[in-house]
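Trainee: Counting in our numbering, the sequence shown runs from 1 upward without gaps.
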Amino acid sequence: MAKTGLAQDSLFQKHLTGPDHPERPQRLAAIERRLRETGITEQCVPITSTSIDIELVHRIHDAAYIARAESSCRKNQAFLDTPDSAICAKSFDIACLAAGTVIHSVDLVMEKQLDHAFCAVRPPGHHAEKGISMGFCIFNNIAIATQHLLDKYQLSRVLILDWDVHHGNGTQHLFETDPRVLFISLHGHPSIVYPGTGQDTERGIGDGEGFTLNIPMTPPSSDAIYLAAFNDKVIPLAESFAPEFVLISAGFDAHRLDPLAPIELDTESFGWMTNAMLRIAKQSAQGRLVSVLEGGYHLEALGNSVACHVGKLLNAEID
Ligand SMILES: [Zn+2]
1 MAKTGLAQDS LFQKHLTGPD HPERPQRLAA IERRLRETGI TEQCVPITST
51 SIDIELVHRI HDAAYIARAE SSCRKNQAFL DTPDSAICAK SFDIACLAAG
101 TVIHSVDLVM EKQLDHAFCA VRPPGHHAEK GISMGFCIFN NIAIATQHLL
151 DKYQLSRVLI LDWDVHHGNG TQHLFETDPR VLFISLHGHP SIVYPGTGQD
201 TERGIGDGEG FTLNIPMTPP SSDAIYLAAF NDKVIPLAES FAPEFVLISA
251 GFDAHRLDPL APIELDTESF GWMTNAMLRI AKQSAQGRLV SVLEGGYHLE
301 ALGNSVACHV GKLLNAEID
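1. Please list, in chain order, all residues with a C-beta atom less than 6 Å from at least one heavy atom of ligand 1.
2. First and last residue of the beta strand (DSSP E) that includes N315?
3. Take H166 as the anchor and find which of H104, E209, G251 and S291 has the nearest alpha-carbon.
4. Can you determine whether any heavy atom of ligand 2 sits closer than 7 Å to the C-beta of F139, and answer yes or no?
5. Do the region 171 to 182 and the region 205 to 213 touch if we need at least three Cβ pairs shorter than 8 Å?
6. With H, G and I counted as helix, E and B as strand and the rest as coil, what does DSSP make of E264?
7. Kindly list the residues whose CB is nearer than 7 Å to the CB of A29, restricted to its own chain and excluding five residues on each side of it in sequence; keep chain order.
8. State the start and end residues of the unbroken beta strand (DSSP E) segment that holds T4.
9. Candidates S91, L161 and L114: which alpha carbon is nearest I215's?
10. For E317 and R59, I'd like the C-alpha separation in whole angstroms.
11. Starting from M110, trace the alpha helix (DSSP H) in both directions and tell me its first and last residue.
12. If we count Cβ pairs, one from each stretch, closer than 8 Å, do we get three or more for the region 140 to 160 versus the region 98 to 107?
13. For the region 118 to 191, list the alpha helix (DSSP H) runs that are entirely contained and at least 4 residues long, ordered along the chain.
14. By DSSP, does S215 sit in helix, in strand, or in coil?
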């Protein structure tokens, strides 16, 4: 059994978004409950949540944006930049805790104290751009972790697989000129699904051309369509890139029960996608893989899908 870290903390439920917001604290409670019921929690190594050295946030986000995020939260404003990104007085500190916990998880995997980790953090991150909040996100957690891998460990090939049903616009834009980062996103087609980016013609820019792969899915795309996309596109490109570290932007809102988008994956879809990424990590990255929660808004489907995902991390073969 693989040594799998699990970052969970009730502090992440203190980011309050209002009574009708889909990105709500109950999401984490549902995950926590399901992982406990399935016995997964006790098989995982608990990861202590850790706040971030703000300097690491500055490597990804504008100083003016960070200052605005902090002041908007401290003043208890209703939202940051867009009504989608609802905040409360504690949200800045919790966003720092989310990003810091992902960094800490990456460090534990790099130090070989863990094989893999899953970070059940919020707010999510993949829509956050360099200088603006979008889509429930404050700091781009996975982008900050990627930059940390490039800077601290001098890695030259990091793979980010984003299977959230919404295109990871922020992550793409932050690394689209950088050939050290391969960004692969499968998402609902931008003509109908938020945020409206992620056409297959977006392939990276300049030196980064060819290091962005967008696979837009036309609803109701179900399991077989995703499997074909993995076999035909995702796995061949990921294998040829030979990442030294695998990161997953793990949103679970492509589930058929999810209320936010019309893609129809099954709970088990997240299991085989996890196994595919574990194989890539094993081939070239010494097994190193960290997965970070993004979306997923149907509480029961979210809990079940995360349990399937983390169960595969635990059951991975380790040399
Ligand atoms: Zn999403």
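C-beta: ideal position from N, C-alpha, C; glycine also.
Mentor: Reading from the atomic positions:
1. D164, V165, H166, G251, D253, E294 and G295
2. Premise fails: N315 is in no beta strand (DSSP E) and is neither H nor E.
3. Of H104, E209, G251 and S291, the residue nearest in Cα terms is G251.
4. Here the bound small molecules are ligand 1; ligand 2 is not part of this structure.
5. yes
6. strand
7. Q13
8. T4 to A7
9. L161
10. When only Cα atoms are considered, E317 and R59 end up about 35 Å apart.
11. That run of the alpha helix (DSSP H) goes S91 to M110.
12. yes
13. 141 to 152 and 169 to 175
14. According to the sequence as given, residue 215 is Ile; it is not Ser. Strand, per DSSP.
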